[in-house]
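Single-structure report; data block below.
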Amino acid sequence: TYAQTQPHKMAVVEDRPDREIRSLTWSELNIQVNKLANVLLASGNVEPGTKMVWCGPNSIGIVTMANAARKLGVTAVPLNYRLSDDEAAYVTDHSDATVVYVDAEYAKLFERIRNQLPKVNLILVYDGVAPSEMDSADELMNSASDQEPLVPLDREPGGTMIYTSGTTGKPKGVQHATGGYLLWAMLTMKWTFDLRHKDIFWCTADIGWITGHSYIAYGPLACGATQVIFEGVPTYPNAGRFWEMIERHKV
């Protein structure tokens, strides 16, 4: 794995407005992924095929969760945090998700719709304080094992289920299997973007939709690249933010 062959190479750099820049090497990212995977296993709420909704902005936390889900054969279901309460409740329930992983900034959404989610057994809150009746992923990961989780998987475990926006009717979920989807994300990084080993890659899309999901959570990491994670709009705090990001991180 890249955590073994290039442990000290930078894997992810998170640059969000009004926050300190965060980064993880390949070794550090693998440790965080293993810790979260072991938290999920210890909860007794996941097994290969389990659906897990996640909700939050572009962040290292989401990348960690997406790759922990892959290791466990869990199907990750992106939920855009801009959805209305009714839309969020519909997607979560319709997907048959039993676990929710949510940024602390949006935990109140799930407080409001909790009674509409009878199938959900566990809500993990990351990057902040967890409300009552929810669990802190940060605290649980502090004491979790960083060893590789041992889960027997078949050839097409888990994957990703991405829902349409719902602008022309009820949102519809599309299931992407692990093998074909991950291979496609990896090959398009090489063939379309001509990604080289020393490149620093930056996808500005929203991680909750297919482009951002493919080229933030999976594609660059499948190629062993260093990637920049961006959140916000290109005009804040000033209209030169994109160019500042490119210069700062040597994209």
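For any residue, its number in this note's numbering is found by taking its place in the sequence shown, counting from 1, and adding 123. Note that the Cβ used here is the ideal one computed from N, Cα and C, for glycine as well.
TODO: Find out if the Cβ-Cβ distance for the pair E234, P254 is shorter than 8 Å.
DONE: Less than 8 Å divides the Cβ of E234 from the Cβ of P254.
- [ ] Give the DSSP bridge partners of F324, in chain order.
- [x] BP columns for F324 point to Q350.
Task: E210, enclosing alpha helix (DSSP H) - first and last residue - done: Here the alpha helix (DSSP H) through E210 covers D208 to H217.
TODO: Write down the C-beta distance between H320 and G347 rounded to the nearest angstrom, noting that I regard them as a contact closer than 8 Å.
DONE: Correct: roughly 7 Å between the Cβ atoms.
Open item on the list: Please identify the residue among P241, I246 and K313 whose C-alpha is closest to the C-alpha of K231.
Closed with: Residue I246 is the option with its Cα nearest to K231.
Open item on the list: Nearest by alpha-carbon distance to E151: which of A126, V222, G303 and I185 is it?
Closed with: Scanning A126, V222, G303 and I185 for the CA closest to the CA of E151 turns up A126.
Open item on the list: Which complete alpha helix (DSSP H) runs does the region 252-332 hold, if anything under 4 residues is left out?
Closed with: Entirely contained in the region 252-332, the alpha helix (DSSP H) runs reaching 4 residues are, in chain order, 260-265 and 301-314.
Task: When E271, I183, P130 and S288 are compared against A211, the one with the closest alpha-carbon - done: From the listed residues E271, I183, P130 and S288, the smallest Cα separation to A211 is found for S288.
Open item on the list: Rounding to the nearest angstrom, what Cα-Cα distance links H217 and R237 in this structure?
Closed with: Note on geometry: alpha-carbon atoms of H217 and R237 lie some 14 Å from one another.
Open item on the list: Considering only their Cβ atoms, is the gap separating P171 from V274 smaller than 8 Å?
Closed with: For V274 and P171, yes; Cβs fall inside 8 Å.
Open item on the list: According to DSSP, simplified to helix, strand and coil, what is R364?
Closed with: Judged by DSSP in its simplified three-state form, R364 adopts helix.
TODO: Determine the DSSP secondary structure at R145, reduced to helix, strand or coil.
DONE: Three-state result, R145: strand.
Open item on the list: Between which two residues does the alpha helix (DSSP H) holding L247 run?
Closed with: Annotation for L247: no alpha helix (DSSP H) segment contains it, though the beta strand (DSSP E) segment containing it runs L245 to Y249.
- [ ] Please report the residue range of the beta strand (DSSP E) in which E137 lies.
- [x] Counting along the chain, the beta strand (DSSP E) containing E137 begins and ends at M133 to D138.
Open item on the list: Quick check: K293 and Y213, are their CB atoms within less than 8 Å of each other?
Closed with: For K293 and Y213, yes; Cβs fall inside 8 Å.
TODO: With DSSP as the reference, label T334 as helix, strand or coil.
DONE: In the three-state DSSP reduction, T334 falls in the helix class (H, G or I).
Task: Range of the contiguous beta strand (DSSP E) that encloses K174 - done: Residue range K174 to C178 is occupied by the beta strand (DSSP E) that includes K174.
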